[in-house]
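A.B. asks: In this text, residue positions in the sequence shown follow the UniProt record's numbering: the first is 1, and each later residue adds one. Here you go, one structure.
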Amino acid sequence: MEPATPLMNDETETFSRMTPVEAFLATPASSVRSETPQDPEHQYLWRCFPDHVWSQRVRDTSSWVWDFGYDIQNLNGSRRWVCKRCIQNKSPRPRSFAEKGIQNANAHLFKGHGIWAPAEATKSAAQKKAEKMKTKDQRSIADVMKLDTRLPREQEIANSLVKSFDRNHFQRLLLEWIIEENHSFRICEQGRLRQIFEYLNPLVKITGASITRKTIRHRILSAYESHKGKVIAALKQSSGLIHVSFDGWKSGNRHSLYGIACFFRDENSQPRKLVLGVPELQTRHFGHNIAAEILDVLDAYGIQDRIGYFTLDNAESNDKAMEAFEEQLSGAAALSEAEHALWRRKGPVGKLHNLVVEVRRSDQLTYLLRSIQRSEFDMSSGPRIKARKPLDLIIDNDTRWLSQLYMIRRALTLRPFVEQLVLKHRQQWEQDNRSRRTGNLRKSAKEPQICLEENQLTTNDWDVLDHLAKLLGFYEDAVKTLEGDGQQRRRKRGWVGSYGNVWEVIQGFEFLLEVLEDYKKLASEIPDAEHFRININLGWEKLNKYYSRLDETPIYYTALALHPAFRWGYFENEWKGKAEWVTNRHPNKQY
Numbered sequence: 001m002e003p004a005t006p007l008m009n010d011e012t013e014t015f016s017r018m019t020p021v022e023a024f025l026a027t028p029a030s031s032v033r034s035e036t037p038q039d040p041e042h043q044y045l046w047r048c049f050p051d052h053v054w055s056q057r058v059r060d061t062s063s064w065v066w067d068f069g070y071d072i073q074n075l076n077g078s079r080r081w082v083c084k085r086c087i088q089n090k091s092p093r094p095r096s097f098a099e100k101g102i103q104n105a106n107a108h109l110f111k112g113h114g115i116w117a118p119a120e121a122t123k124s125a126a127q128k129k130a131e132k133m134k135t136k137d138q139r140s141i142a143d144v145m146k147l148d149t150r151l152p153r154e155q156e157i158a159n160s161l162v163k164s165f166d167r168n169h170f171q172r173l174l175l176e177w178i179i180e181e182n183h184s185f186r187i188c189e190q191g192r193l194r195q196i197f198e199y200l201n202p203l204v205k206i207t208g209a210s211i212t213r214k215t216i217r218h219r220i221l222s223a224y225e226s227h228k229g230k231v232i233a234a235l236k237q238s239s240g241l242i243h244v245s246f247d248g249w250k251s252g253n254r255h256s257l258y259g260i261a262c263f264f265r266d267e268n269s270q271p272r273k274l275v276l277g278v279p280e281l282q283t284r285h286f287g288h289n290i291a292a293e294i295l296d297v298l299d300a301y302g303i304q305d306r307i308g309y310f311t312l313d314n315a316e317s318n319d320k321a322m323e324a325f326e327e328q329l330s331g332a333a334a335l336s337e338a339e340h341a342l343w344r345r346k347g348p349v350g351k352l353h354n355l356v357v358e359v360r361r362s363d364q365l366t367y368l369l370r371s372i373q374r375s376e377f378d379m380s381s382g383p384r385i386k387a388r389k390p391l392d393l394i395i396d397n398d399t400r401w402l403s404q405l406y407m408i409r410r411a412l413t414l415r416p417f418v419e420q421l422v423l424k425h426r427q428q429w430e431q432d433n434r435s436r437r438t439g440n441l442r443k444s445a446k447e448p449q450i451c452l453e454e455n456q457l458t459t460n461d462w463d464v465l466d467h468l469a470k471l472l473g474f475y476e477d478a479v480k481t482l483e484g485d486g487q488q489r490r491r492k493r494g495w496v497g498s499y500g501n502v503w504e505v506i507q508g509f510e511f512l513l514e515v516l517e518d519y520k521k522l523a524s525e526i527p528d529a530e531h532f533r534i535n536i537n538l539g540w541e542k543l544n545k546y547y548s549r550l551d552e553t554p555i556y557y558t559a560l561a562l563h564p565a566f567r568w569g570y571f572e573n574e575w576k577g578k579a580e581w582v583t584n585r586h587p588n589k590q591y
């Protein structure tokens, strides 16, 4: 029998204006059950659950999931929740759960139909996991803008927002702004600035469009190299001389930089100005050092033979640099022959020093060394070797501990690449200085210093450098052992101990003196034995000089004598046959 038609009143009129979902949720349970049995959804429900009827529940159902399910029970009175969406979609196996397992209905609604629990309601584990992922910047633009992509109109809006944002264009604009306004590269990492970008367009954060200072540096260098060819081409098209101006400047972070600009007329005879480079001068500001850095830049653009005038300030170092230019533009090397000869007398280390100085002063040689390594790595089938990055040579100096050791170690690591570098550099020099008419080298051409036979490292030289690296490695161990504050703490790999203890100083001296004595005996087996032995003796004398000065500070002997593991017996055992040493340092036998 059909139910009676309700009278139209204010309440029913309001009800008629509700959306289908609102009307369903507002309908009392009795109304739902009073629907006609000919309802297609109900017919499908009873077809899937033939031995069930509507639930005759005693208490109200407080869980929100009942709004999305049918409440039925079997002949034994056991209640069951049946998913309305599954019934509406005529799923072959609509999901249902017993009243006691209603939390499973929560999970099904989220996983199966994308229905999220209200903010104040109990959430399924799957929903909690999804929300946690969203907090890790994995939200979509639809989530941020609260769009339901299942609705065509809102899906179109989300797609339009995504298409309107170009990640690469945003990064390029940011990069250009930083360069044009001369901002610090770190500004792109400021939290407030990133919040502004993300507020204006959430896709900045969603797509990971923010960049770091390292990315900026890399892109600027890449852009510089990619456009360098255009500058070289423009300079070649200039018909006249190219004039140069440069000046030094020390940055706030103590980098000594030289800005180099050139002035010329282009192919249309229009005056032009270009900045060629801003090299850093890492050595003392002597004239020949400045000249070497400037010439490296000019050589990189191939304009050494087209230089006109220099415009500089009246600093004395610039006068010296001009004198060096006059000599070097005529073919002399950046490092004078006298300096080469002086270092060459120092043997393999001196030769290596000359080589490293030449390579580090020249961008051309530095990039050539890197490209040789890169080519070798790319040819390898091993993924680890392919992923390696090219290394630069390390230069020694007079103020850094063990700097020669680090220079030698890096050179030994790069030996095959260094040998290829010298060979290719010579081939390039011959190609540039060979007459096209006769095919012979020009008489005015001066061979680069590192290509001269007397300056090249031989097999014996490399053997000597290998022995020196091993010897200096003992010094490195001693220095690192004595570095520290003497405080015990947990070290790497769980070891507990201390470094820099006073009682270790004498042991360090004794250890190094013994090493030098051993190398004296091995000197005859090392190439250039006499030169090696002389250097060992000089090292022994210098070490013994500092060792003797420990007498001025008795704390070193006292600390070792009071150590329970050594006591005074250490000196008696270590200095056997040298009783006067023991007596002089322990006259009263107090310990």
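For glycine and all other residues, C-beta sits at the position ideal for the given N, C-alpha and C.
In angstroms, rounded to a whole number, what distance separates the CA positions of E358 and Y301?
C.D. replies: Going by the C-alpha atoms only, they are around 18 Å apart.
A.B. asks: Please name the residue in L471, H425 and W462 whose C-alpha comes closest to that of L452.
C.D. replies: L452 has its Cα closest to that of H425, out of L471, H425 and W462.
A.B. asks: Considering only residues of the same chain and omitting the five flanking positions on each side of L402, which have a CB-CB separation below 8 Å?
C.D. replies: Answer for L402: L472, Y475, E476 and V479, listed in chain order.
A.B. asks: Going along the chain, which residues of its own chain have a beta-carbon closer than 6 Å to the beta-carbon of L355, five neighbours each way excluded?
C.D. replies: So the list reads I450, once near-sequence residues are dropped.
A.B. asks: Can you tell me where the beta strand (DSSP E) holding D247 begins and where it ends?
C.D. replies: Note, D247: beta strand (DSSP E), I242 to K250.
A.B. asks: Just the C-alpha distance for N76 and V53, rounded to the nearest angstrom, thanks.
C.D. replies: Approximately 11 Å between the Cα atoms of the pair.
A.B. asks: Between which residues of its own chain and W581 is the CB-CB distance below 8 Å, once the five residues before and five after are set aside?
C.D. replies: So the list reads F571 and W575, once near-sequence residues are dropped.
A.B. asks: In three-state terms, what does DSSP make of E120?
C.D. replies: Coil at E120, not helix or strand.
A.B. asks: Below 7 Å, is the gap between the Cβ of S226 and the nearest heavy atom of the ligand GTP?
C.D. replies: With respect to the ligand GTP, the structure offers nothing, as it holds no ligand at all.
A.B. asks: Taking C-beta to C-beta, are F68 and R85 nearer than 8 Å?
C.D. replies: Their beta carbons are under 8 Å apart, which means F68 touches R85 by this criterion.
A.B. asks: Pull up the distance between the alpha-carbon of M323 and that of E316, whole angstroms please.
C.D. replies: Inspection of the sequence shows that residue 323 is occupied by Glu rather than by Met. Straight-line Cα distance between these residues: approximately 11 Å.
A.B. asks: From S269 to L295, what distance separates their C-alpha atoms?
C.D. replies: Rounded to whole angstroms, S269 to L295 spans 26 Å at the Cα level.
A.B. asks: Taking only three categories from DSSP, how would you classify K273?
C.D. replies: Strand.
A.B. asks: Pick out whichever of R57, Q88 and S78 has its Cα sitting closest to the Cα of C48.
C.D. replies: Minimum Cα distance to C48 is reached at Q88.
A.B. asks: Report buried or exposed for E504, applying the criterion of at least 16 other Cβ atoms within 10 angstroms of its Cβ.
C.D. replies: E504 comes out buried.
A.B. asks: Starting from the N-terminal side, write out each stretch of the alpha helix (DSSP H) that is 4 residues or longer and does not extend beyond the segment 186–224.
C.D. replies: Runs of the alpha helix (DSSP H) inside the segment 186–224: 191–200 and 203–206.
A.B. asks: Please report the straight-line C-alpha distance between D363 and I141, rounded to a whole angstrom.
C.D. replies: C-alpha separation (whole angstroms): 46 Å.
A.B. asks: Quick check on the DSSP output: what are the complete alpha helix (DSSP H) runs of length 4 or more inside the segment 479–547, in order along the chain?
C.D. replies: Listed in chain order, the complete alpha helix (DSSP H) runs (minimum 4 residues) inside the segment 479–547 are 504–522.
A.B. asks: For A98 versus F110, is the C-beta distance shorter than 8 Å?
C.D. replies: Result no, Cβ atoms of A98 and F110 do not sit closer than 8 Å.
A.B. asks: State the start and end residues of the unbroken beta strand (DSSP E) segment that holds T311.
C.D. replies: Unbroken beta strand (DSSP E) run through T311: I307 to T311.
A.B. asks: When we look at the beta-carbon of G191 and count the other beta-carbons within 10 Å, is it buried (16 or more) or exposed?
C.D. replies: By the 10 Å Cβ count, G191 comes out exposed.
A.B. asks: Here's the rule I'm using: 16 or more other beta-carbon atoms within 10 Å means buried, otherwise exposed. How should A565 be labelled?
C.D. replies: Looking at its Cβ environment, which holds fewer than 16 other Cβ atoms inside 10 Å, A565 is exposed.
A.B. asks: Could you tell me the distance, in whole angstroms, from the CA atom of L235 to the CA atom of L312?
C.D. replies: Taking the straight line from one Cα to the other gives about 21 Å.
A.B. asks: By how many angstroms is the C-alpha of V278 removed from the C-alpha of T366?
C.D. replies: If I take the Cα positions, the gap works out to 16 Å.
A.B. asks: Measuring CB atoms only, is the segment 233–247 touching the segment 256–274, in the sense that at least three cross pairs come out at less than 8 Å?
C.D. replies: Counting Cβ pairs under 8 Å, three or more are found: they touch.
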